[in-house]
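Asker: Counting in our numbering, the sequence shown runs from -10 upward without gaps. Virtual Cβ for every residue (Gly too), placed ideally from N, Cα, C.
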Amino acid sequence: MAFPLPSHLPRKVDVSSQTLSKLDSATWKTLDSLVASSWRTELDEYIRQTKNRIHDRMRTDSAAFNAQLSSAKSAQERLSNMSHAVNTLNRTVFDPKSGITSILLTALRQHQVLAQASLNADVMHASLLHLAKCKTQLEAVQMLTDTGDLPTAVLKCLELGSLLAVAPGPLGEATVTVDMKKTLVVIENRISELLGQACSQCLHVSEREIVIRSSVFVPGSKAPLPLSAVLSSLSHVALSAYLTSLRRNLTTYHFDNTIRNGCSMASTAEDDPSGSVVYKLQRLTSNGPTSRGASLSNLSNLLDFINEKLFPHLPPVQRTGFPRSLVKPLTTSIMTNLLVPSLPSTLEALPEYLELTRKTVEFESRYIAGLLGGDSADSEIKAWADNVCVHYEKARRIYILDAFRDVVLERATLKGQTFMAEVVASPLASSVHGRAPVLQEDSIAKISPTSETDAWNLDDQSFATSSSKSAVDDSSWGFDDDIDQSGQIEGDLITPEAEAEVDPGDAWGWNDDDPSEQPKADPADEPAAEPSEEEGTWDNDPWTDSTDVHESTVPINLPIRPVPPTGVPTKSQKVNPEQREINGHANHGSSKPSWGSDHVTKETYLVSTLMTDIVQTVEKCLQEGKSLAYSGVFFTPSTSTSSPGTLIMHSGALVIDLYCALYPVATAARLSKAVQHMQYSNDCYYLSEELSRVLLHTEEFSDVKGKLKERRDDLNVLTDSWFHEGVDKQVMALNDLLGGANGFIGTSDQDRYDEYETVVMGVLRNIRSVAQAWKPVLPTSKYYIAIGNVVDSALSRILDDILAIPDIPEVESHKLSELCRILASLEGLFVKSTDESSLVVSFVPSWLKFSYLSELLEASMADLSYLFEEGALVDFEIDELAKLVRALFADTPLRAKTLEKIMGGHPIR
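(1) What separation, rounded to the nearest whole angstrom, lies between the Cα atoms of Ala15 and Asp3?
(2) Take Ile248 as the anchor and find which of Thr172, Cys188, Thr325 and Asn296 has the nearest alpha-carbon.
(3) Taking the alpha-carbon positions, what's the Gly498 to Ala657 distance?
(4) In angstroms with no decimal places, state the Cα-to-Cα distance between Leu636 and Val622.
(5) Just verifying my parser: in three-state terms, what is the DSSP assignment at Pro215?
(6) Report the start-end ranges of each alpha helix (DSSP H) in the region 332 to 382 that is 4 residues or longer and not cut off at the edges.
(7) How many angstroms separate the CA atom of Glu66 from the CA atom of Ser27?
(8) So, with DSSP's three-state summary, where would you put Thr881?
(9) Do you know how far the Cα of His639 is from the Cα of Leu697?
(10) So, at 8 Å on beta carbons, what are the nonlocal neighbours of Cys188 in its own chain, with the 5 sequence-adjacent residues on each side left out?
(11) What separation, rounded to the nearest whole angstrom, lies between the Cα atoms of Leu32 and Ser6?
(12) Opposite Asp260 in the DSSP bridges: which residues?
(13) Take the Cβ of Ser835 as the centre, count every other Cβ of all protein chains shown within 10 Å, and call the residue buried at 16 or more, exposed below.
(14) Please name the residue in Leu877, Asp135, Tyr841 and Gln612 whose C-alpha comes closest to that of Leu862.
(15) Checking the sheet assignment: what are the DSSP bridge partners for Ala255?
(16) Which word fits Val881, buried or exposed, when buried means at least 16 other C-beta atoms lie within 10 angstroms of its C-beta?
(17) Among Asp702, Phe690 and Ala258, which has the Cα closest to the Cα of Ser681?
(18) To test your reading of the DSSP string, which unbroken alpha helix (DSSP H) runs of 4 or more residues are found completely within the region 674 to 759?
(19) Whole angstroms is fine: what's the gap from Arg884's alpha carbon to Pro798's?
(20) Expressed to the nearest angstrom, what Euclidean distance is found between the alpha-carbon atoms of Ala129 and Thr141?
(21) Can you find the residues in the same chain that come closer than 7 Å, C-beta to C-beta, to Asn41, ignoring five residues on each side of it along the sequence?
(22) Could you have a look at Ala453 and say whether DSSP puts it in helix, strand or coil?
(23) With DSSP run on the structure shown, which of helix, strand or coil describes Val155?
(24) Just mark Thr590 as buried or exposed, buried being the case when its beta carbon has 16 or more other beta carbons within 10 Å.
(25) Mind the definition here: the region 332 to 343 touches the region 251 to 269 only if three or more C-beta pairs lie below 8 Å; say whether that holds.
(26) Check the C-beta distance from Gln126 over to Leu152 and give it rounded, since I have them as a contact under 8 Å.
(27) Could you give the distance in angstroms between the alpha-carbon of Leu12 and the alpha-carbon of Glu34?
(28) Of all the options Ala163, His713, Lys86 and Val752, which has the alpha carbon lying nearest to the alpha carbon of Asp725?
(29) Under a three-way DSSP split, which group does Gln568 fall into?
(30) Going by C-alpha to C-alpha distance, which of Glu382, Phe352 and Glu801 sits closest to Ser616?
(31) In terms of DSSP beta bridges, what is Ser202 paired with?
(32) In three-state terms, what does DSSP make of Lys86?
(33) Between the C-alpha atoms of Thr49 and Leu78, what's the straight-line distance to the nearest angstrom?
(34) Please determine, among Ala338, Ile201 and Ile357, the residue with the shortest C-alpha to C-alpha distance to Pro318.
(35) Would you say the beta carbon of Ser217 is closer than 7 Å to some non-hydrogen atom of the ligand HEM?
(36) Given a threshold of 16 other Cβ atoms within 10 Å of its Cβ, counted over all protein chains shown, does Ala517 qualify as buried or as exposed?
Here you go:
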């Protein structure tokens, strides 16, 4: 056979396809008879050629052709014979009259009819037998119910229900079966109703009594039904519901009321007219108060009564389950109504309460775990009694915090509840411009190692406080020690009434040196002469006589910066630095302020009286905790992680936390004012100092001491943060006010100058107002630090604005100098008294620079060069001086020479 041509290769185009293509491409113009005749001739020629090829192929292999032809004729003959045989077989099998299939189907239909008739007869027979049994059971149930034999009737109902449930299929849907089921439901409901009435008659629990009958009569019965039979006859659902109601009534009417209300129990037994015995347990209200132990005794009588009269009658499945179900309600009732409410609030009442817990544990062991079958490994009352110390302390802690919270909220609505606390302050003990010092407990121990109640930190603190609450005797301050002290510390509490009569000088300690008011000091207590720089500044410090003081607690003398001169000297006026006053003001007296010596002074500051309440509360917590720890009334289990009294002592730290969290929120509107803002900082400082004193009494309780140390450190942080935040608020207010000066540009315009003058006068008034508000509140040294930072920020802002002006004509320079001189009066804020020098240089770093700027704005080139050569302008940066010279003076050779000299650097550096 020929090799099959792949489908993807192109096939030879035949003549018919070519002809069709030509026919398709012909148009009516090109199509004519001659063209059609040529196409027909081509097709005929192609057909003739195809026939010739076929005949040639047949003649080429005639033997194979003849063999294939014979095979095809033989296959056609055999197919004809097979078709005839199949038709004959089909007639033999499927003929409707004589076919095998028809005869077989007829026989099968006859057999099916016979089998169905037999099955129907069998089903009818079985159904009638089952129906007869059901009818007999139904009649028996009806008779038993009518005669009052309810227990037997319940059993028969179960049997009848089982019969109806397994009824044959045809009978299960029959009308008679449905009617029987409805009748059975009615009978069962009737039986349940009668059993419910019988249970109510046999067992009745009310608020006043418990009544139990041994037997009961039901309607139609000739003999009484026992209580056990009645309970056993109840269905599982009905019995569970009834016992749940019984448990609820016992808990509500008897467990809770017996413990909560004073009463007594009376048990009686009497015969009923029907012949049954009636047992009663009555609760009798007591006329007088009953003890908590009597409540446990009454509970014991109650449990003994129901154990003897009720539990034996319960069905076997509930004989252990129902008593065990009473364990949780009874335990909860004892805990809620007896143990927790009876927690005493004083240590004296604890022994009686501990005796009550012992009796309660015995009750749990005997009745709850024994009689009711509770789990002895899960003894909730015993576990609570083992931790009764913790529960007592937690209850006390809650009471303490709630009471203190009420005090804080009450004080938050009051005003004027303050007093003046004293602080021993040495300016040598802290840096002027640093943060407020933080109290270190170890430095206290080094200053006074034998004092246990010393609340004053005199080595590295600038402030120490005292009040009448925390005052101690003289011996506890170490007056009898060998270490010399430089003065006596007093902490008298000033009441608000007395505060109104306090002399203004006394508020700052200005009258402390008055001989008529100071006690006569021993010569050894007189401050020594100031040592030279080579000898050091702390060897003669009266607070550091002990050689054990750490170097970090050594006070450092504050540097005294010179005050700018009121008039600028010329070159002809030679200045002798050794003879000339350092600050240039002859009326300032001594160049070194009196407070800068080693003499320790006393200062006062305003504190809220709430702080004394807080300290008293903390001390009471510690004292109560110690009393509890040393009383020995509690036994500490080996598994306990804390000793008795620890939680109460920790309440002192929680009181501090509650104050720090609640007071700022409760008084947020008041604390937004400058005075109250700083007073809160004082309160935190006073409280931290008092905690330092309290810490000396907690040496044996390391964990309590650690908590109080953390609170003290937190208070120190609050002291600093509120102090600096109060200063920052005033600084921002002044910056906003100075922002309206527009950089002091164009002061030659009188209108602009008037605006700038108004701004500067506003700054002056604001600073004086803040100083007047802070002065009665803050200690002197902290007041100087606070107001110094405020003044320095304002002066620095004005300095930056003026130095930023690129060109300052002569008229504007005079105007700017006048504006600068307006703030010169702020120096008076840093003068303690008229006979002492000003402290402005120590607390306002930019004061000298600002003062010299006001002089330089009106100085000549020669004066400026002279001041530069003498080192008076060291506060200015080289770039600032060069920029100021370019702004003030015209471009001349003298200016260029001066600039060259300035760019060479300060001569003293």
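Answerer: According to the structure data:
(1) As a first step, residue 15 is located in the sequence shown; it is residue number 26 there, counting from the start. As a first step, residue 3 is located in the sequence shown; it is residue number 14 there, counting from the start. If I take the Cα positions, the gap works out to 19 Å.
(2) Looking up residue 248 in the sequence shown gives position 259. Residue Thr325 is the option with its Cα nearest to Ile248.
(3) Counting from one through the sequence shown, the residue named residue 498 turns up at place 509. Counting from one through the sequence shown, the residue named residue 657 turns up at place 668. Residue placement at Gly498 is poorly supported in this model, since its pLDDT is 38, which falls under 50; the coordinates are not used for a value here.
(4) Your numbering for residue 636 matches position 647 in the sequence shown. Your numbering for residue 622 matches position 633 in the sequence shown. Straight-line Cα distance between these residues: approximately 16 Å.
(5) On the sequence shown, position 226 is the one that residue 215 refers to. Three-state result, Pro215: strand.
(6) Runs found: 339 to 352 and 369 to 375.
(7) The sequence position of residue 66 within the sequence shown is 77, counting from 1. The sequence position of residue 27 within the sequence shown is 38, counting from 1. So the two alpha carbons sit approximately 46 Å from each other.
(8) In the sequence shown, residue 881 corresponds to position 892, counting from 1. Here Thr881 carries a coil assignment [DSSP, helix/strand/coil].
(9) Counted from its first residue, the sequence shown places residue 697 at position 708. Counted from its first residue, the sequence shown places residue 639 at position 650. Looking at the two C-alpha atoms, the distance is approximately 8 Å.
(10) Locating residue 188 in the sequence shown gives position 199, where the first residue counts as 1. Only Val219, Leu220, Leu223 and Tyr231 meet the Cβ criterion.
(11) Numbered from 1 along the sequence shown, position 43 holds the residue referred to as residue 32. Numbered from 1 along the sequence shown, position 17 holds the residue referred to as residue 6. When rounded, the distance between both Cα atoms is 11 Å.
(12) For the purposes of this step, residue 260 is taken as residue 271 along the sequence shown, with counting starting at 1. Paired residues: Val266.
(13) The count along the sequence shown starts at 1 and reaches residue 835 at position 846. Classification of Ser835: buried, given that the 10 Å Cβ count is 16 or more.
(14) Against the sequence shown, residue 862 aligns to sequence position 873. Per the C-alpha coordinates, the member of Leu877, Asp135, Tyr841 and Gln612 positioned closest to Leu862 is Tyr841.
(15) Taking the sequence shown and counting its residues from 1, the one referred to as residue 255 is at position 266. The bridge partners DSSP lists for Ala255 are Gln271.
(16) By one-based count along the sequence shown, residue 881 stands at place 892. With the sequence shown as reference, residue 881 is identified as Thr, and Val is not the correct amino acid for it. Flag for Thr881 reads exposed.
(17) Against the sequence shown, residue 681 aligns to sequence position 692. The option with the nearest alpha carbon to Ser681 is Asp702.
(18) The DSSP assignment places 691 to 727 as complete runs of the alpha helix (DSSP H) inside the region 674 to 759, in order along the chain (cut-off: 4 residues).
(19) Translated into positions along the sequence shown, residue 884 becomes position 895. Translated into positions along the sequence shown, residue 798 becomes position 809. Distance between the alpha carbons of Arg884 and Pro798 is about 15 Å.
(20) Mapped onto the sequence shown, residue 129 falls at position 140. Mapped onto the sequence shown, residue 141 falls at position 152. Going from the Cα of Ala129 to the Cα of Thr141 covers about 10 Å.
(21) Numbered from 1 along the sequence shown, position 52 holds the residue referred to as residue 41. There are no such residues.
(22) For the purposes of this step, residue 453 is taken as the residue at position 464 of the sequence shown. Low confidence applies to Ala453: its pLDDT is 34, below 50, so where it sits in the model is not reliable, and the reading given next is rough at best. Three-state DSSP puts Ala453 in coil, outside helix and strand.
(23) If you number the sequence shown from 1, residue 155 lands on position 166. The answer is coil: DSSP assigns Val155 none of H, G, I, E or B.
(24) Translated into the one-based positions of the sequence shown, residue 590 becomes position 601. The residue in question, Thr590, is buried, as its Cβ has 16 or more Cβ neighbours within 10 Å.
(25) In short, these stretches do not touch, since the Cβ pair count stays below three.
(26) The residue labelled residue 126 in the question sits at position 137 within the sequence shown. The residue labelled residue 152 in the question sits at position 163 within the sequence shown. About 6 Å; that satisfies the 8 Å criterion.
(27) Locating residue 12 in the sequence shown gives position 23, where the first residue counts as 1. Locating residue 34 in the sequence shown gives position 45, where the first residue counts as 1. The alpha-carbon atoms of Leu12 and Glu34 are separated by roughly 18 Å.
(28) On the sequence shown, position 736 is the one that residue 725 refers to. When C-alpha distances from Asp725 are compared across Ala163, His713, Lys86 and Val752, the shortest belongs to Val752.
(29) Mapped onto the sequence shown, residue 568 falls at position 579. Residue placement at Gln568 cannot be trusted, given a pLDDT of 34 that sits under 50; what the coordinates show is reported in the next sentence. In this structure, Gln568 counts as coil in the three-state DSSP scheme.
(30) Position 627 of the sequence shown, counting from 1, holds the residue named residue 616. That would be Glu382, whose Cα lies nearest to the Cα of Ser616.
(31) Position 213 of the sequence shown, counted from the first residue, corresponds to residue 202. The amino acid at residue 202 is misidentified as Ser; the sequence shows Arg. Arg202 is bridged by DSSP to Val267.
(32) Within the sequence shown, the letter at position 97 stands for residue 86. The three-state reading of DSSP puts Lys86 in coil, since its state is none of H, G, I, E or B.
(33) Translated into the one-based positions of the sequence shown, residue 49 becomes position 60. Translated into the one-based positions of the sequence shown, residue 78 becomes position 89. Looking at the two C-alpha atoms, the distance is approximately 47 Å.
(34) Here residue 318 corresponds to residue number 329 of the sequence shown, with the count starting at 1. Nearest option by C-alpha distance: Ile357.
(35) Among the ligands in the structure shown, none appear at all, so the ligand HEM cannot be discussed.
(36) The count along the sequence shown starts at 1 and reaches residue 517 at position 528. Low local confidence applies: a pLDDT of 33 at Ala517 is under 50, so the model's placement there is unreliable, and no value is given.
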